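For reference, the structure discussed in these notes is given below.
Protein chains: 2
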Amino acid sequence: MSETRKDAVRNDILEAAGRVFKRKGYEAASMKDIVAESGRSFGGVYLYYANKEQLFLELIGRVYREMNESAEGGEGTAPWEAVGRFLRDQLARAADADNGLAPVLYEYLIVGRKEERRMKLIGERHDAVFGAIERLLRSGAEAGTFRPTIPVEAIALTVMSFLDGMFFESIVSGPERIRLDDQFRVLSDMLRSVLMPGEASAVTEEGNPE
Amino acid sequence: MSETRKDAVRNDILEAAGRVFKRKGYEAASMKDIVAESGRSFGGVYLYYANKEQLFLELIGRVYREMNESAEGGEGTAPWEAVGRFLRDQLARAADADNGLAPVLYEYLIVGRKEERRMKLIGERHDAVFGAIERLLRSGAEAGTFRPTIPVEAIALTVMSFLDGMFFESIVSGPERIRLDDQFRVLSDMLRSVLMPGEASAVTEEGNPE
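Sequence order for the protein chains is Z and Y. Under this note's numbering, the first residue of the first sequence is numbered 1, with each subsequent residue one higher. Under this note's numbering, the first residue of the second sequence is numbered 1, with each subsequent residue one higher.
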């Protein structure tokens with residue numbers, strides 16, 4: 001089988017696994033379910049993936065790579081506009097969080113937080129998301145556009161918690177009930193006020209990530 | 001049996017259930033575990049509680065009442081100091097979140113979010129926490145101390161997401177790794193800037209909830 005063909009098979013199995021995880025959650029899903037969903041033989045699946053955790057971690061790895069790309073790719077963009085773009089992208093993801101892998105990830109993290117293997121993923125996840133946000137803020141500070149009176153690292157961690165909470169709330173209560181759009185507007189205003197203190201922090205049409 | 005005695009028995013069973021939930025999580029815990037932990041007979045427990053969900057909801061109800069009390073009880077306190085006290089209390093709870101019922105609640109909410117019964121709890125939870133934060137902010141706005149340019153409701157929802165995210169992050173990554181103290185300082189600064197725009201929002205010793 002050619003490498004291209006193997007990649008296509010891998011992708012097929014991953015997508016089947018994604019559908020199963022979204023439908024059943026992490027703990028309740030089994031390789032048996034994933035094999036059935038893929039329409040392949042047991043052997044045909046196990047040739048590529050040894051267990052459901054491997055599949056799940058590869059799926060989550062993809063999401064992180066996308067998130068990283070969303071936080072970067074801001075070459076030539078003014079710092080505040082780059083933050084705005086990142087926040088808009090997160091808003092769109094948070095609004096649709098219940099249909100994605102986020103609920104499965106939260107289940108995996110909460111239920112398995114005492115397991116060493118999962119702790120490793122937790123650490124990697126934290127570093128990847130945090131790193132992406134921090135770089136975004138730091139490049140604005142280096143350009144002199146952001147003049148935060150609080151260390152950028154603390155602001156990045158705060159934004160990360162905030163996004164986690166909004167994804168979580170969106171999943172359990174629904175994006176309308178928690179007025180997700182309004183929350184992003186508040187976050188944007190708050191962030192602007194700590195990144196560019198002294199400048200008009202009230203709602204402005206331009207550059208306000210909304 | 002006197003009412004006082006019955007209350008003591010109820011409390012005993014609840015505390016045993018709390019220990020089991022913290023140890024095993026929600027899905028993995030059983031009434032059998034709770035009965036064993038309580039040191040009572042099956043009949044002696046079932047006389048008071050029909051199932052583990054009833055026990056869990058009563059335990060969670062207690063936590064909400066405490067949270068509500070923490071957001072209130074600000075009679076005679078200046079609005080920003082009342083917010084500071086509330087945030088300090090939440091910081092202490094978030095730092096210790098992994099030892100409390102928060103991980104069990106998150107598991108219950110995420111795994112069971114499609115079940116009608118749990119959705120009801122989700123709604124009540126949302127209203128209780130949101131209501132407490134909103135009243136805190138609104139009373140400051142009514143006193144004229146807070147002059148937010150964004151509706152108080154949106155700010156309260158944002159604070160709620162934020163706390164949710166910090167509890168979640170504290171549980172899965174640990175309070176040191178996420179620098180929980182620093183995050184509360186950022187949240188406090190951000191909140192001050194949207195509640196009292198125009199006033200010095202930089203870190204101040206006095207009145208800064210830290």
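Glycine included, each C-beta is placed from N, C-alpha and C at the ideal position. On a predicted model such as this, the values are computed, not experimentally measured, just so you know.
- Sorting Z:Ala143, Z:Thr158, Z:Gly165 by C-alpha distance to the C-alpha of Y:Ser188 places Z:Thr158 at the top.
- The beta carbons of Y:Lys22 and Y:Val104 sit about 7 angstroms from each other, so the pair counts as a contact at 8 angstroms.
- Annotation for Z:Ile60: the continuous alpha helix (DSSP H) segment containing it runs 52-71.
- Chain Y has no Cβ within less than 7 angstroms of the Cβ of Z:Gly112.
- Straight across, the Cα-Cα distance linking Y:Met1 with Y:Arg62 is about 24 angstroms.
- Below the 9 angstroms Cβ cutoff, chain Y contributes no neighbours of Z:Ile60, its closest Cβ being approximately 14 angstroms away.
- Taking 8 angstroms as the upper bound for CB-CB distance, Z:Ser38 and Y:Met166 are not in contact here, some 39 angstroms apart.
- Put simply, the backbone Cα of Z:Pro79 is about 11 angstroms away from that of Z:Glu72.
- Excluding residues up to 5 positions away in sequence, Asp33 lie with their Cβ nearer than 7 angstroms to the Cβ of Y:Lys24 in the same chain.
- Looking at the backbone, the Cα of Y:Leu191 and that of Z:Leu137 are separated by about 19 angstroms.
- At a C-beta separation below 8 angstroms, Y:Leu47 has no neighbours in chain Z, since its nearest C-beta there lies roughly 31 angstroms away.
- The criterion of a C-beta distance shorter than 7 angstroms is not satisfied by Z:Asp164 and Y:Glu107.
- For Z:Leu157, a Cβ of chain Y is located within less than 7 angstroms of the residue's own Cβ.
- One thing to note: Y:Phe130 has its Cβ no nearer than 7 angstroms to the Cβ of Y:Ala94.
- Counted as a single uninterrupted DSSP element, the alpha helix (DSSP H) harbouring Y:Pro79 occupies residues 79-95.
- Spatial neighbours of Z:Met119 in its own chain (CB-CB distance under 8 angstroms, excluding positions within 5 residues in sequence) are listed in chain order as Arg113.
- Residues of chain Y whose Cβ lies closer than 9 angstroms to the Cβ of Z:Glu169 are, in chain order, His126, Leu157, Met160, Ser161, Asp164, Gly165.
- Nearest CB-CB separation between Y:Asp182 and chain Z: below the 7 angstroms threshold.
- A contact between stretches requires three or more CB pairs, one per stretch, nearer than 8 angstroms, and the stretch 137-149 of chain Y fails this requirement with the stretch 39-59 of chain Y.
- Between Z:Val45 and Y:Ala154, the C-beta spacing is not below 7 angstroms.
- Taken atom to atom, the span from the alpha-carbon of Z:Thr149 to that of Z:Ser193 is near 10 angstroms.
- Around the C-beta of Z:Phe86, 16 or more other C-beta atoms lie within 10 Å, and the residue is accordingly described as buried.
- Taking all protein chains shown into account, Z:Arg65 has fewer than 16 neighbouring C-beta atoms within 10 Å of its C-beta and is therefore exposed.
- With fewer than 16 neighbouring CB atoms inside 10 Å of its own CB, Z:Ser30 falls in the exposed class.
- Annotated three-state conformation of Y:Met119 is helix, per DSSP.
- Of the candidates Y:Thr77, Y:Ala102, Y:Asn68, Y:Val35, the residue whose Cα lies closest to the Cα of Y:Tyr26 is Y:Ala102.
- The alpha-carbon of Z:Glu81 is positioned some 22 angstroms away from that of Z:Ala128.
- Under the three-state reduction of DSSP, Z:Tyr46 is assigned to helix.
- Its chain contains Ile13, Leu55 as the residues whose beta carbon lies nearer than 7 angstroms to that of Y:Tyr49, once the 5 sequence neighbours on both sides are disregarded; these appear in chain order.
- In the structure shown, the three-state DSSP call for Z:Tyr108 is helix.
- Here the alpha carbon of Y:Asp181 sits roughly 22 angstroms from the alpha carbon of Z:Leu109.
- Secondary structure note for Y:Ala154: its alpha helix (DSSP H) is the uninterrupted segment 152-173.
- Within the same chain, Cβ atoms closer than 6 angstroms to the Cβ of Z:Pro175 are found at Ala95, the five residues on either side in sequence being excluded.
- Scanning chain Y for C-beta atoms nearer than 7 angstroms to the C-beta of Z:Val152 yields nothing, as the closest lies near 11 angstroms away.
- By the 16-neighbour rule on beta-carbons within 10 angstroms, Z:Phe184 is buried.
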